[in-house]
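The structure appears below as structure tokens.
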Amino acid sequence: MKVFIHEAHYLSAITTSEIEQKLDKKLFIRIHKSHIVALDRIVKVSGGQIELDTGVILPIGNTYKRELLEAFQ
């Protein structure tokens, strides 16, 4: 797994699910089987993707779409 922190990234042997369990659900959300993001970094939710404040665009998995939309209401 790659973990991105600002402009740097790190490799980790831990799984996405294990990381998700350790993170504060008020601050982070899983948006895809491969992506967990900080809620305060999301600037746009549109269709099946999000845009981060860095300009990175990531897909939203169907499994996670409802939870993401609820977090922004």
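In case it helps, our numbering puts the sequence shown at residues 3 to 75.
Note that beta-carbon positions come from the ideal geometry of N, C-alpha and C, so glycine has one too.
This structure is a prediction, so every number in the text was calculated from the model and none was measured.
With contacts defined by Cβ atoms closer than 8 Å, I62 and L70 form a contacting pair.
Straight-line measurement puts the Cα of I44 at about 10 Å from the Cα of Q51. Here H34 is buried, its C-beta having at least 16 other C-beta atoms within 10 Å. Here I7 is exposed: its Cβ has fewer than 16 other Cβ atoms, across all protein chains shown, within 10 Å. For S48, the beta-bridge partners assigned by DSSP are Q51.
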